[in-house]
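First the structure, in the form of structure tokens, and then the observations on it.
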Amino acid sequence: MDDKDFLQFIANVKRMTGIDLALYKEAQMKRRLTSLRIKRGYSSFTQYFEAISKDKELFYEFLDRMTINVSEFFRNPGRWEVLENKILPRLVRQSPRLKCWSAACSTGEEPYTLSLILMRHRWEASLLATDIDEGAIAKAKQGVYSDRALQDCPKDLLTKYFQKDSLSYRISDEVKNRVTFRKHNLLADTFESGFDLIICRNVMIYFTEEAKHELYQKFSRALRPGGVLFVGSTEQIFQPQQYQFETEDTFFYRKLG
């Protein structure tokens with residue numbers, strides 16, 4: 001009964017939202033959503049689906065739990081240093097105005113980190129940031145963050161571009177206005193093309209191998225030759241050449257051609 005109930009839930013969610021939960025790792029996803037369903041007092045996924053289809057707050061909570069919106073500015077700082085000191089200077093030499101995409105951007109820490117780096121060097125760029133979760137995008141547009149989210153942010157950038165409130169930091173409009181946020185489903189929607197840089201970190205770990213394979217192919221097609229895909233610290237691509245990539249540095253993949 002339990003498996004059938006969950007499979008029907010997956011089918012219902014796909015029909016309602018276009019989100020295919022079957023492309024996520026099942027045990028992980030089922031465990032996470034079961035605990036949420038029980039916490040909210042629903043005895044079956046059928047009941048829980050009825051509730052989230054009528055109640056926007058419950059629906060956003062479901063999306064939030066599914067997508068794990070945990071992020072920080074300059075997460076894994078050493079990798080951002082490589083981006084700033086090695087990858088971006090090469091890209092800027094080849095293309096004076098960069099086209100960048102932060103995919104699965106969560107609550108905005110990642111695209112704003114990139115924006116801060118670009119501003120520090122006065123590099124010109126268009127910067128698209130997308131996520132499946134409208135609640136996360138709304139938070140990103142507000143641009144208000146906790147101390148914890150900013151623990152790795154360089155002090156000069158923190159002082160220059162953030163205003164400290166009593167319990168949080170507010171990012172300046174100058175940084176915010178450089179980022180275009182948009183809702184986008186990586187697994188279902190089409191990708192733009194001609195990107196110099198795509199950042200997609202710490203989201204692939206939730207997908208099945210088939211879904212990852214498909215996504216790496218789509219990212220490769222979305223990059224111009226010489227463009228770079230920057231992935232998370234648990235998401236090394238073991239055979240990059242099958243996607244027309246070569247390793248430029250650890251977790252950075254350059255499109256061949």
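In this text, residue positions in the sequence shown follow the UniProt record's numbering: the first is 1, and each later residue adds one.
We put the CB at the ideal spot given by N, CA and C, even for glycine.
On a predicted model such as this, the values are computed, not experimentally measured, just so you know.
For residue i, three-class secondary structure by DSSP
i: Phe245; result: strand
i: Ser35; result: helix
i: Tyr169; result: strand
i: Lys25; result: coil
i: Asp5; result: helix
i: Phe191; result: coil
i: Pro89; result: helix
i: Thr130; result: strand
i: Ala104; result: coil
i: Met16; result: helix
i: Asp55; result: coil
i: Leu223; result: strand
i: Ile199; result: strand
i: Leu98; result: strand
i: Gln239; result: coil
i: Gln217; result: helix
i: Arg40; result: coil
i: Phe45; result: helix
Cβ-based burial, residue i [other Cβ within 10 Å; buried from 16]
i: Met66; result: buried
i: Ile38; result: exposed
i: Thr208; result: exposed
i: Gly194; result: exposed
i: Glu110; result: buried
i: Ser71; result: buried
i: Lys54; result: exposed
i: Ile205; result: exposed
i: Gly257; result: exposed
i: Glu81; result: exposed
i: Arg254; result: buried
Euclidean distance between Cα positions of residue i and residue j
i: Leu58; j: Ala51; result: 7 Å
i: Gly41; j: Lys183; result: 30 Å
i: Val175; j: Leu116; result: 7 Å
i: Glu214; j: Arg221; result: 11 Å
i: Thr250; j: Ser102; result: 18 Å
i: Asn177; j: Ser126; result: 11 Å
i: Phe245; j: Ala140; result: 31 Å
i: Gly18; j: Ser106; result: 19 Å
i: Leu36; j: Glu124; result: 43 Å
i: Asp152; j: Lys164; result: 16 Å
i: Lys218; j: Ala211; result: 11 Å
i: Leu23; j: Pro225; result: 29 Å
i: residue 258; j: Leu88; result: Here the chain comprises residues numbered 1 to 257, so residue 258 is not present and cannot be evaluated.
i: Met1; j: Arg32; result: In this prediction, Met1 has a pLDDT of 49, which is less than 50 and means its spatial position is unreliable; nothing more can be read from the coordinates.
i: Asp147; j: Leu157; result: 14 Å
Contact with chain D by residue i, beta-carbon distance below 9 Å
i: His213; result: The structure shown contains no chain D, having only a single protein chain.
Nearest residue (CA-CA) to residue i, options the options
i: Asp3; options: Met29, Phe252, Met16, Arg15; result: Met29
i: Leu202; options: Gln217, Asn76, Leu21; result: The sequence shown places Asn at residue 202, not Leu. Minimum Cα distance to Asn202 is reached at Asn76.
i: Glu192; options: Lys155, Asn12, Lys255, Leu128; result: Leu128
i: His121; options: Tyr145, Asn85, Ile137; result: Asn85
i: Ile171; options: Thr113, Ser43, Glu210, Asn185; result: Thr113
i: Val231; options: Gln241, Pro225, Thr247; result: Thr247
i: Lys155; options: Val228, Gln241, Gln94, Phe73; result: Phe73
i: Phe49; options: Leu223, Gln8, Ala27; result: Gln8
Sub-9 Å separation of residue i and residue j beta-carbons
i: Leu197; j: Leu98; result: yes
i: Asp64; j: Gly143; result: no
i: Gln130; j: Leu186; result: Rather than Gln, the amino acid found at residue 130 in this sequence is Thr. Going by C-beta atoms, Thr130 is nearer than 9 Å to Leu186.
i: Tyr161; j: Tyr145; result: no
Proximity test, residue i beta-carbon vs the ligand FMN heavy atom, cut-off 8 Å
i: Cys105; result: The ligand FMN is not part of the structure shown, which contains no ligands of any sort.
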